[in-house]
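Engineer:
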Amino acid sequence: MTNTLPLRRAPAAKVSPKDRGPRAFGIIAALGAALTLTTCAAPLPARTEFVLGTVCTVNLYDRGTREAYDGIFARLREIESVLSANSDDSNLAEINARAGIAPVPARAETLAVLSLALSWAERTDGAFDPTIGPLVKAWNIGSDRASVPDHRTLEKALALVDRNSVSIDTKAGTVFLAQKGMKLDLGAIAKGYAADETARIIRGRGITRAMIDLGGNIYALGEKSRGKAWTIGIRDPETDRGSPILSLAAADLSVVTSGVYERFFVQDGKRYHHILDTKTGYPVINDLVSVTILSKSSIQADALSTATFALGAKKGKALIEGLPETGAIFIFADRHIETAGVVPKLNMLSDRFRITQ
Ligand code: FAD
Ligand code: MG
């Protein structure tokens, strides 16, 4: 679950002609044949599939053919098969399994995403760290085995979170984790990579208007119509109903949110969310409920949404202010909202929240 959503998305078809039975299909086919005499085929409606551990919807507003959708979702499944920290046979799992033993040949996707993740680890002084795997496994947040780990388990996991123990040999194309038990987890950044890849494939097909939503990791490609941007909503952090509290106009822009309410569990009346503090081993505690990043690069937006949340508002804002063409919206637990960097006009949809600076 996440809290960014494209508003006014074209309705997805619930049933394909193939699934409607022979009679309905016959009528549609005949109608279709008649229409093709006078018009071009209408693009197919949005497609939604469960991939990357989440619900992914792609809506191609022109030239949305079956082949185009097939190609996009095949690529998303390929990215999952390489970068998943949850499967035993991904490239990431191979690298993790050989930690402390030997370097492992890395796929191009792994090298690209890991290199960028490590550069953000450096720039955030380790608040964002792709070697977070042992800590993520200790908490199991998002699974039905989630529980507060004991002190010893956390200590052991924390000792294995170390960005300086990752060696990338670009010439040999390998990755080596120096300590046994280390584990890479690219969950904070890989959906952004996948969104950029989706946008690249779409543009490569000459499609100029599309909405990509990979579990709330949004890429608004092109414009909704000539001279008119898409409208993206930022979800209410206090409800799971999905109603937006504000909206903004976006064209060729990725909008990515990290928050405390996306993945969490409750134990003994206390909530534990999934963005982890690399110093304490516990979920990050600060005054934020979410950070939304706006960038033309979805991988940057994904990395930065998690990184700025982990850094907290003060350091997070300073990081964003130093970056070109990047904006951030910080929503605080006391219901005030602050922005940093390049943020378009925000349209408030809720009177419970207020923008201050
Ligand atoms: P983000 O804020 O973008 O990322 C939070 C996630 O980053 C955490 O869940 C954790 O994995 C990691 N993280 C936590 N703290 C830090 C930190 N300080 N620094 C760096 N990283 C941190 N989910 C499933 O339940 N089952 C699956 O099989 C599954 N497969 C996936 C396969 C792929 C390729 C990807 C990209 C994701 C998959 N997921 C799966 C989802 C994944 O486990 C994360 O929960 C998800 O990516 C979190 O994204 P987010 O946008 O909600 O939050
Ligand atoms: Mg992220």
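This note's numbering applies: residue 4 is where the sequence shown begins, and numbers increase by one.
Backbone N, C-alpha and C define an ideal beta-carbon position, used for all residues, glycine too.
Quick caveat, the model's predicted, so the values are computed rather than measured.
Do ALA295 and VAL345 have their CB atoms nearer than 8 Å?
Structural biologist: In the sequence shown, the residue the question calls residue 295 occupies position 292. In the sequence shown, the residue the question calls residue 345 occupies position 342. Before going on, a small fix: residue 295 reads as Thr here, not Ala. No, these two residues do not count as a Cβ contact at 8 Å.
Engineer: Would you mind listing the alpha helix (DSSP H) stretches within the segment 133 to 178 that are 4+ residues and don't spill past its ends, in chain order?
Structural biologist: Correct list: 136 to 142 and 154 to 162.
Engineer: What is the DSSP secondary structure of LYS183, reduced to helix, strand or coil?
Structural biologist: Within the sequence shown, the letter at position 180 stands for residue 183. Of the three classes helix, strand and coil, the one that applies to LYS183 here is coil, per DSSP.
Engineer: Is ILE192 a contact residue of ligand 2, with contact defined as CB to any heavy atom under 7 Å?
Structural biologist: Taking the sequence shown and counting its residues from 1, one reaches residue 192 at position 189. Yes, since a heavy atom of ligand 2 falls inside the 7 Å radius drawn around the Cβ of ILE192.
Engineer: Once DSSP output is grouped into helix, strand and coil, what is the label at THR113?
Structural biologist: The residue given as residue 113 occupies position 110 in the sequence shown. Residue state, collapsed to three classes: helix.
Engineer: Let's see if you can read the secondary structure: which residues bound the beta strand (DSSP E) around LYS273?
Structural biologist: Start at 1 with the first residue of the sequence shown, and residue 273 comes out as number 270. Residues 273 to 276.
Engineer: So the alpha helix (DSSP H) ASP73 belongs to, where does it begin and stop?
Structural biologist: As a first step, residue 73 is located in the sequence shown; it is residue number 70 there, counting from the start. Element bounds for ASP73: 69 to 86.
Engineer: With H, G and I counted as helix, E and B as strand and the rest as coil, what does DSSP make of LEU224?
Structural biologist: Here the question's residue 224 lines up with position 221 in the sequence shown. Three-state DSSP puts LEU224 in a strand.
Engineer: Please name the residue in LEU138, ASP165, VAL178 and LEU256 whose C-alpha comes closest to that of GLY195.
Structural biologist: In the sequence shown, counting from the first residue as 1, residue 195 sits at position 192. Per the Cα distances, LEU256.
Engineer: Jot down the residue ranges of each uninterrupted alpha helix (DSSP H) in the segment 289 to 353, minimum 4 residues, whole runs only, in chain order.
Structural biologist: Segments of the alpha helix (DSSP H) lying fully in the segment 289 to 353: 301 to 314 and 316 to 324.
Engineer: From CYS59 to ASP216, what distance separates their C-alpha atoms?
Structural biologist: Within the sequence shown, residue 59 is the residue found at index 56, counting from 1. Within the sequence shown, residue 216 is the residue found at index 213, counting from 1. One C-alpha to the other measures close to 6 Å.
Engineer: Give the range of the beta strand (DSSP E) segment to which ALA202 is assigned.
Structural biologist: Position 199 of the sequence shown, counted from the start, is the residue given in the question as residue 202. Run containing ALA202: none in the beta strand (DSSP E); it sits in the alpha helix (DSSP H), 193 to 207.
Engineer: Can you check DSSP and say which residues form a bridge with ARG50?
Structural biologist: Looking up residue 50 in the sequence shown gives position 47. DSSP output for ARG50 lists VAL61 as bridge partner(s).
Engineer: Give every residue of the same chain whose Cβ lies closer than 6 Å to the Cβ of SER301, excluding the five residues on either side of it in the sequence, and list them in chain order.
Structural biologist: For the purposes of this step, residue 301 is identified with residue 298 of the sequence shown, where counting begins at 1. GLY195, ALA198, ASP199, TYR222 and SER257.
Engineer: With a Cβ-Cβ cutoff of 8 Å, do GLY103 and GLN182 count as a contact?
Structural biologist: Within the sequence shown, residue 103 is the residue found at index 100, counting from 1. Within the sequence shown, residue 182 is the residue found at index 179, counting from 1. It is a contact, given that the beta carbons lie within the stated cut-off.
Engineer: Between ARG206 and VAL85, what straight-line distance do the alpha-carbon atoms span, to the nearest angstrom?
Structural biologist: As a position in the sequence shown, residue 206 is number 203, starting the count at 1. As a position in the sequence shown, residue 85 is number 82, starting the count at 1. Using only the alpha carbons, I get a separation of about 23 Å.
Engineer: Check whether the Cβ atoms of ALA331 and GLY315 lie closer than 8 Å to each other.
Structural biologist: Walking along the sequence shown from the start, residue 331 turns up at place 328. Walking along the sequence shown from the start, residue 315 turns up at place 312. No, Cβ-Cβ distance for ALA331 and GLY315 is not below 8 Å.
Engineer: Could you compute how far the alpha carbon of ILE248 sits from the alpha carbon of PRO240?
Structural biologist: Within the sequence shown, numbered from 1, the residue matching residue 248 stands at position 245. Within the sequence shown, numbered from 1, the residue matching residue 240 stands at position 237. Their Cα atoms are separated by approximately 8 Å.
Engineer: Measure the Cβ-Cβ separation of LEU95 and LEU157 and say whether it is below 8 Å.
Structural biologist: Position 92 of the sequence shown, counting from 1, holds the residue named residue 95. Position 154 of the sequence shown, counting from 1, holds the residue named residue 157. Not in contact: LEU95 and LEU157 (Cβ atoms no closer than 8 Å).
Engineer: Assuming the contact rule is C-beta atoms closer than 8 Å, PHE76 and ALA149 should be a hit. Round their C-beta distance to whole Å, please.
Structural biologist: On the sequence shown, residue 76 is found 73 positions in, with the first residue counted as 1. On the sequence shown, residue 149 is found 146 positions in, with the first residue counted as 1. PHE76 to ALA149, Cβ: 29 Å. No contact.
Engineer: Taking PRO286 as the reference, give the member of LEU307, TYR264, PHE53 and LYS299 with the closest Cα.
Structural biologist: For the purposes of this step, residue 286 is taken as residue 283 along the sequence shown, with counting starting at 1. Of the candidates LEU307, TYR264, PHE53 and LYS299, the one whose C-alpha sits nearest the C-alpha of PRO286 is TYR264.
Engineer: What distance in whole Å lies between the Cβ atoms of SER246 and SER293, which are believed to be in contact at a cut-off of 8 Å?
Structural biologist: Along the sequence shown, read from residue 1 onward, the residue named residue 293 stands at position 290. Along the sequence shown, read from residue 1 onward, the residue named residue 246 stands at position 243. The Cβ separation is near 15 Å, so there is no contact.
Engineer: Does the segment 125 to 141 come close enough to the segment 58 to 72 that 3 or more CB-CB pairs lie under 8 Å?
Structural biologist: The segment 58 to 72, when compared against the segment 125 to 141, does not touch it at the 8 Å Cβ threshold.
Engineer: Given 7 Å as the limit, tell me if LEU291 has its C-beta closer than that to any heavy atom belonging to ligand 1.
Structural biologist: To locate residue 291, count along the sequence shown from 1; it is residue 288. Outside the cutoff, so no.
Engineer: Confirm, please, whether the CB-CB distance from ALA213 to TYR64 is below 8 Å.
Structural biologist: Taking the sequence shown and counting its residues from 1, one reaches residue 64 at position 61. Taking the sequence shown and counting its residues from 1, one reaches residue 213 at position 210. Cβ atoms of TYR64 and ALA213: closer than 8 Å.
Engineer: Would you give the residue range spanned by the alpha helix (DSSP H) that LEU1 belongs to?
Structural biologist: A question about residue 1 goes unanswered here, because the residues of the chain that appear run from 4 up to 360.
Engineer: Quick check: does the Cβ of ALA130 come within less than 7 Å of any heavy atom belonging to ligand 1?
Structural biologist: Translated into the one-based positions of the sequence shown, residue 130 becomes position 127. Checking the Cβ of ALA130 against ligand 1 gives yes.
Engineer: Can you tell which of GLU324, LEU326, PRO327 and PHE333 has its C-alpha closest to the C-alpha of ALA313?
Structural biologist: The sequence position of residue 313 within the sequence shown is 310, counting from 1. Ranking GLU324, LEU326, PRO327 and PHE333 by Cα distance to ALA313 puts PHE333 first.
Engineer: Does the CB of GLU328 have a neighbour CB from chain B at under 8 Å?
Structural biologist: The displayed structure is made up of one protein chain only, and chain B is not part of it.
Engineer: Assuming ILE204 and GLY56 are in contact, meaning their beta carbons sit under 8 Å apart, how far apart are those beta carbons, in whole angstroms?
Structural biologist: Counting from one through the sequence shown, the residue named residue 204 turns up at place 201. Counting from one through the sequence shown, the residue named residue 56 turns up at place 53. Going by Cβ atoms, the distance from ILE204 to GLY56 rounds to 20 Å, so no, they are not a contact pair.
Engineer: Need the endpoints of the beta strand (DSSP E) that ALA252 sits in, please.
Structural biologist: Position 249 of the sequence shown holds residue 252. 247 to 253 is the span of the beta strand (DSSP E), which, as asked, contains ALA252.
Engineer: CB of ARG110 to nearest heavy atom of ligand 1: below 7 Å?
Structural biologist: To locate residue 110, count along the sequence shown from 1; it is residue 107. For ligand 1, not one heavy atom lies less than 7 Å from the Cβ of ARG110.
Engineer: List the whole-angstrom C-beta distance separating LEU119 from GLY176, where the pair is believed to meet the contact cut-off of C-beta under 8 Å.
Structural biologist: By 1-based counting over the sequence shown, the position of residue 119 is 116. By 1-based counting over the sequence shown, the position of residue 176 is 173. Incorrect: roughly 17 Å between the Cβ atoms, too far for contact.
Engineer: To the nearest angstrom, how far is the alpha carbon of ALA306 from that of GLU328?
Structural biologist: Position 303 of the sequence shown holds residue 306. Position 325 of the sequence shown holds residue 328. Taking the straight line joining both Cα atoms gives about 15 Å.
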